[in-house]
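Residue numbers (the UniProt record's numbering): 1 to 721.
Written out as structure tokens, the structure is:
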């Protein structure tokens, strides 16, 4: 919140932050315009990183991050000490051997005799040839370094005015140099570009050559490994007579499945036949033949006769080639026999004699079938074991073959990958080097020496100074601008706040009935709805709300009118009383039909007044010194109680607490107190005393509403504690 408040302060003084740096820039410009000029020279290097005309066939498309990394590496290599040392050596050799050096010789250089100059040239030439840097541990080379530094040809001096950057998103790297000599600037740039391209191409070719040699050796090794594994697999198949293991195994699995199915069926048949034979044997048990013949002679005779007839009909039915007319007779006779059998059962007949001959024949057939099933079980078990043995003999071969085939697949893939990389690298190694200088540096036009830099620095310094001043003012500022500031200062709740509107006036009917409001008016309505909710929560069953402030002019009338419309929007019957006898703002705005003095004296009845949009206004005549001078306390209490029976919400606007009793008298007749505080004020000692007075009423004082909060100070929630 502190940072947000500081930013708000800067926005208020934005013109100051612009004018003061602008004045400083203008003054600085006139002060530095007579400084000596400098000369700039530049060259371009084509990298081939994003240039499609220099890409090889099938070359990988680089991502943006990779492209940026490539350019960063090239730029850092150009600015590296190794490259700058090479430039320093060549420029120094030129100045030592030429009659027209780039710069006026330094005192150290003028003090050198011819022999010393020749020695210096030899040292610099040897270092340049071997791409070595000066060693400061060596006394002689330390002297060479001091000579470079005295002429400002060392790497640090060059870096001060050397600029290397990528030209926008192009394929080119821009190299710029600014010195006091146009020919020196061009020489440094061209020498640096040449050394960079030569060194880079050397590294690139050397790396490509090593990569091609390594990949070629690796590809040959992978090929030999693949060939050896293929020969091993071929020899194994020939030695073990392996033709096609997959087809052989599939055929054996099919035969085994068929035999297992037949074996299960044979076992089931053997058990079933054995059970059927046992059932037939039980029917020959002598105990089952006992029956009561003495009681069943007639019934048995009838059953025997009926069965004889049934046998005769069956014979005729078969001999007649299944004539349907015999079928009905047979069915009828079967029902008769069934009835006779049931009658026999009712007379405790246990079991009639079965046809012994048929049972014996069935038993013999079943015994034959059971023996056949039992013998087939043994045969199929043997055959199944033989098939399993054949399958088991294939398993070791399958494992060996699969292992060899997997190894061949891996070796083949490795060989193809290495071969592809080898071919790609061979193609790239035969391609032209990507780095090349596309434009040579020429002696440039004279430029103001550091003028622009000094002007910019003056603007930045003055801007930072202004920021620092405003920061000090912000720390010394004790005004309360946001609801949280008020809550922290007073240690009491802030039920809500109202934003500062840009318009000079506001139509309350339009606020609550027109949905096409401007954004600040829509925010204003939302904040009022939030305040209304917080007030309803605090008041609960109470109805009389007193709206006051500590000092005058903080927006009591403004808030009271808006609260009345806010409660009316939710179909509440609202009474708005203008209790401010010093400055009756509501009375002046509304010109109501009912006056407080008339109601308290019994001249009018507010309950019969016609309201507009659920709101009834009650003004005052601005002639009373205080409330208790209009009517006694008992009368006022009874009148307000009568109003409570008619209205859902009664809002009373009282004068500021600084008017003493004129405001405090209303507190006696109110249920809750809501105090308005205008944003941007400091909370000083008088306000603190009035706050202690409000706190003395305990829960009757429900909190604050901050008015005229700047848009930058708006918060997400309405109620702040």
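A virtual CB, placed ideally from N, CA and C, is assigned to each residue, including glycine.
With C-beta atoms as the reference, is residue i less than 8 Å away from residue j?
| i | j | result |
| --- | --- | --- |
| residue 581 | residue 670 | no |
| residue 651 | residue 511 | no |
| residue 638 | residue 665 | no |
| residue 597 | residue 620 | yes |
| residue 47 | residue 206 | no |
| residue 649 | residue 567 | yes |
| residue 635 | residue 559 | no |
| residue 117 | residue 86 | no |
| residue 103 | residue 162 | no |
| residue 574 | residue 683 | no |
| residue 463 | residue 21 | yes |
| residue 672 | residue 700 | yes |
| residue 135 | residue 141 | yes |
| residue 234 | residue 415 | no |
| residue 564 | residue 615 | yes |
| residue 498 | residue 710 | no |
| residue 557 | residue 585 | yes |
| residue 121 | residue 144 | no |
| residue 146 | residue 38 | no |
| residue 340 | residue 299 | yes |
| residue 197 | residue 437 | yes |
| residue 42 | residue 176 | yes |
| residue 496 | residue 534 | yes |
| residue 173 | residue 74 | yes |
Exposed or buried, what is residue i when buried is set at 16 or more other beta-carbons lying within 10 Å of its beta-carbon?
| i | result |
| --- | --- |
| residue 264 | exposed |
| residue 549 | buried |
| residue 257 | exposed |
| residue 601 | exposed |
| residue 697 | exposed |
| residue 445 | exposed |
| residue 417 | exposed |
| residue 722 | As shown, the chain starts at 1 and ends at 721. That puts residue 722 outside it, with no answer to give. |
| residue 577 | buried |
| residue 137 | exposed |
| residue 226 | buried |
| residue 40 | buried |
| residue 165 | exposed |
| residue 99 | exposed |
| residue 139 | exposed |
| residue 386 | exposed |
| residue 703 | buried |
| residue 125 | exposed |
| residue 189 | buried |
| residue 643 | buried |
| residue 15 | exposed |
| residue 335 | exposed |
| residue 605 | exposed |
| residue 707 | buried |
| residue 169 | exposed |
Got a sec? Which residues, its chain only, sit under 8 Å from residue i by beta carbon, not counting five neighbours each side?
| i | result |
| --- | --- |
| residue 88 | 148, 153, 154, 155, 158 |
| residue 570 | 532 |
| residue 384 | 256, 259, 260, 263 |
Please go through the same chain and pick out, in chain order, the residues whose beta-carbon is closer than 7 Å to the beta-carbon of residue i, but skip the five residues on each side of it.
| i | result |
| --- | --- |
| residue 6 | 471, 474 |
| residue 63 | none |
| residue 96 | 117, 120, 121 |
| residue 33 | 451 |
Which residues in the same chain have their Cβ closer than 6 Å to the Cβ of residue i, if we skip the five residues on either side of it in sequence?
| i | result |
| --- | --- |
| residue 17 | 466 |
| residue 731 | Coverage of the chain is limited to positions 1 through 721, which leaves residue 731 absent and any answer about it impossible. |
| residue 195 | 83, 86 |
| residue 91 | 153 |
| residue 421 | 215 |
What I want to know is whether the C-beta of residue i ends up closer than 7 Å to one or more non-hydrogen atoms of the ligand FMN.
| i | result |
| --- | --- |
| residue 108 | Questions concerning the ligand FMN fall outside what the structure shown contains, since it holds no ligand whatsoever. |
*Does the segment 519-526 come within contact of the segment 625-633, defined as at least 3 CB pairs closer than 8 Å?*
no
*Continuous alpha helix (DSSP H) assignments of at least 4 residues falling wholly in the segment 147-219*: 155-161
*For the segment 398-477, list the beta strand (DSSP E) runs that are entirely contained and at least 3 residues long, ordered along the chain.*
436-439, 446-448
_Runs of 4 residues minimum, wholly inside the segment 96-121: which ones carry the alpha helix (DSSP H) assignment?_
107-110
*For the segment 512-550, list the alpha helix (DSSP H) runs that are entirely contained and at least 4 residues long, ordered along the chain.*
519-539
*asked:* Assess contact between the segment 25-35 and the segment 473-493, defined as three or more Cβ pairs (one per stretch) separated by less than 8 Å. Is contact present?
replied: Contact fails: fewer than three Cβ-Cβ distances are below 8 Å.
*Which parts of the segment 5-48 are runs of the beta strand (DSSP E), unbroken and 3 residues or longer, counting only runs that do not cross its ends?*
37-46
*Entirely enclosed beta strand (DSSP E) segments - the segment 633-709, minimum 3 residues*: 649-653, 672-678, 701-709
*Ignoring anything shorter than 4 residues or poking outside the segment 559-638, list the alpha helix (DSSP H) runs there in chain order.*
585-590, 596-600
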